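Accompanying notes for the structure given below.
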Amino acid sequence: MEYAVEIENLRKEFKGFTLKDVSFRIPKGYVMGLIGPNGAGKTTLIKMIMNLIRKNSGRILVFGKDHIQHEAEIKSQIGFVYDVPCFYEDLKLKKLASGIAPFYPKWNHELFLGLMNRFELPLDKKFKKLSHGMKMKFSLCLALSHDADLILMDEPTSGLDPVFRQELLSHLSQIMLDEEKTVLFSTHITSDLERIADYITFINNGEILFSSTLDEVLGKWGIIKAGKDLLEKKDIPGIMGYQKTEYGIEILTSETEKAQTLLPPDSNTEKASLEDIMYFMSKGDKHA
Amino acid sequence: MKIIISNASQKTIYFQIAEQIKNQIISGELKEGEPLPSIRKLAQELQISVITTKRAYEELEKEGFIDTVGGKGCFVAMQNKELLREKKMRMVEDTLSQAVAEAKLLGVRLNELKEMLTLLYKEEE
Amino acid sequence: MLKHIRRELIFNQTQLYIFAGYMIVFWIWIDWKDIPFRMSLVFLSFVLPLFCAVSIQAREEKFKAWTLNCSLPTNRKTLVLARLITSWSLMFAAYVFGLLFSALFQENPAFLSQFLEPKSLLIFLLFSSLFLAFLFSFVIRFGMSGVILGLVALQVLGVITLLLASASNNKDNILRSFLHSIINGVKFFLDHDPTPGFLLLLLVSAAAVNIFTFKFSHFLFARRDF
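Protein chains in written order, with my numbering: chain A, 4 to 291; chain B, 994 to 1118; chain C, 332 to 557.
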């Protein structure tokens, strides 16, 4: 299997936050969703791949090459969208594009104009005059106009209306018909990922808590709702988090089938959505 | 090819897809040699992960329902007429055994059941 | 590299217009106040690096555009080099502009003839390289506050020198002799015979200073997180 991105034992220390020994891989040709609560380290991780934030230790390979040694070459194949789009605000969009385009050998100007049109972005408008949503759209436009083999997006859909979000996801689906393209998509709008992601990595407090296929997560993870005595009596396999309610307990498990065999008849199991998972793993307690 | 996925179902999504394609092949809706959409195209249309569609196709290939031709895609495999008939028979048998079980539970007798079956069969004609 | 320079010029277009206006005002002022050429040269050597190092950097900082610039298919080394080359291009353009302006409007004929001497260009090169080295490195590491830091650092250096010297002498004389020594130093360069050897020395020194500026700035910039 070829990997678009390989991260090994990545470490970064800030005051008050550390990214600890982060390791995961993104197979080429797939969409990986990066989920986690605010402040979990998603933005830091993406910026470290782009070498905006320098790592303390660890290794990052993109398309099999070291991301610093082959920085320029790799970046010519990366389309990036950051959570806060930073451009020279007093410039018109067409000026910004004309400064950026020459850096990408596969820049497709017709595609760019087409996207600008589709996203309803006027070329002659100054960046500062755009709403937040439009600024994100412009960022997206640039990222999608040079046939990038890797698309890195940090919260690309936040601040976008639902109609456009659907459009973006459709566009991404279209891109993913090409098995050479890979996407890393960090978000906390988990419903978007359920539609398009192939892999999910969950990060919290600078640590990767799990990384697997969406298939497995939605297939094998579940929420068990039972009486309070459940935890004390049984050893439920694959507990990822739980929450005590007034009338009972809710447990998130990654081994629903196995867990079901041990359950008492008055318990109830439901499929876990990504949102549930995010909630239980960030807020709920893990151990009794 | 028609595929409808239910998120509420207990069956996993790849299973649902595989099952529906299987049934369509058995029933003849999907003919031998007919091309299937690529795993990526199917994933796009159903708005699910390509890994899921891949798994579904792998299952189908394992069970001999489809063939993958390198570089060209997936096609409905040539079905052994006997085997196909057997598979169809088995499907009917499964449904009938369910009916029999229900009947026994409710206390319906064999001759009542036979009558019901004859009526239903003739109704179709 | 060309696409980098083009990028810098496009992204900082408005600054260039301001810069052009600034230059026009500067040369009009030089002419109006009848400032001798040698003085103008010294002024130019301080004003140009200040503007070039600072304004482009200030814009980048204001808009946090380094996120954009550092994400483009390039590396930090090239970005620093591009910024340095763009700064020099602007300074040379301003120099040539001054030359043309003087040719057209300057009433004092000696002014223009001094301007046209190769020695003048090389002195400008050396002095501005020295000042640029200081400012460019500080600004690329600390951002806009780097300008203030840089100027403060210069002042601190001056004060330290003064303090050290005052350990043995009368304070009044020290201040004067310190200023005198700086002025004498500058005069030495301005008055020295433009022998080929001297000119070569100026050129080589300026080149060396710029190489240092580039390497040191890259070192500092490479360590920043955005």
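C-beta: ideal position from N, C-alpha, C; glycine also. Please read these numbers as outputs of a predicted model, since none were measured by experiment.
By the C-beta density criterion, B/Gln1037 is buried, having at least 16 other C-beta atoms within 10 angstroms. Short of 6 Å from the beta carbon of C/Thr417, and not among the five residues preceding or following it, lie these beta carbons of its own chain, in chain order: Ile336 and Glu339. The Cβ of A/Cys144 sits no closer than 7 Å to any Cβ of chain C.
At a cut-off of 7 Å, the C-beta of C/Thr398 has a neighbouring C-beta in chain A. Inclusion of C/Phe442 and C/Phe374 in the CB contact set at 7 Å is not warranted, their separation being larger than that value.
In this structure, the straight-line span from the alpha carbon of C/Phe382 to that of C/Ala539 is close to 22 Å.
C/Ser451 and C/Leu521 have their C-alpha atoms spaced approximately 8 Å apart. Apart from sequence neighbours up to five positions away, the residues of its chain that approach B/Met1071 with a beta-carbon distance below 6 Å are Glu1025, ordered along the chain.
Of the other Cβ atoms in all chains shown, 16 or more fall within 10 Å of the Cβ of A/His191; this residue is therefore buried.
Following the DSSP letters along the chain, one finds C/Pro449 inside the alpha helix (DSSP H) bounded by residues Pro449 to Phe473. DSSP, reduced to helix, strand and coil, places B/Thr1005 outside both helices and strands of the structure shown, so it counts as coil. The continuous beta strand (DSSP E) containing A/Ala229 extends over residues Gly225 to Ala229. The beta carbon of B/Gln1072 does not come within 7 Å of any beta carbon belonging to chain A, so the residue lies off that interface. Chain-ordered, the chain A residues with CB closer than 7 Å to the CB of C/Arg338 read Gly102.
Under the three-pair Cβ rule at 8 Å, the region 389-396 of chain C counts as touching the region 73-91 of chain A. Unbroken alpha helix (DSSP H) stretches of 4 residues or longer found wholly inside the region 249-278 of chain A: 259-264, given in chain order. Taking CB atoms only, A/Thr216 has a neighbour in chain B less than 7 Å away. For C/Asn406, the neighbours in chain A by C-beta distance under 9 Å run, in chain order, Asn54, Ile71, Glu74, Ala75 and Lys78. In the displayed model, C/Cys401 falls within a helix according to three-state DSSP.
At a cut-off of 7 Å between beta-carbon atoms, C/Phe467 makes no contact with chain A. Looking only at A/Met179, A/Leu265, A/Glu11 and A/Asp93, the smallest Cα-Cα distance to C/Thr345 is reached by A/Asp93.
Taking 7 Å as the CB threshold, B/Thr1045 lines the interface with chain A. Identification of chain C residues near A/Glu92 by a Cβ-Cβ cut-off of 8 Å yields Phe394, ordered along the chain. Nothing from the region 416-440 of chain C brings a Cβ to less than 9 Å from some Cβ of chain A.
B/Gly1066 carries a strand assignment under DSSP once its states are collapsed to helix, strand and coil. Between the alpha carbons of A/Glu9 and A/Ser26 lies a distance of about 8 Å.
Contact with chain C is absent for A/Phe122, since none of that chain's Cβ atoms lies less than 7 Å from the residue's Cβ.
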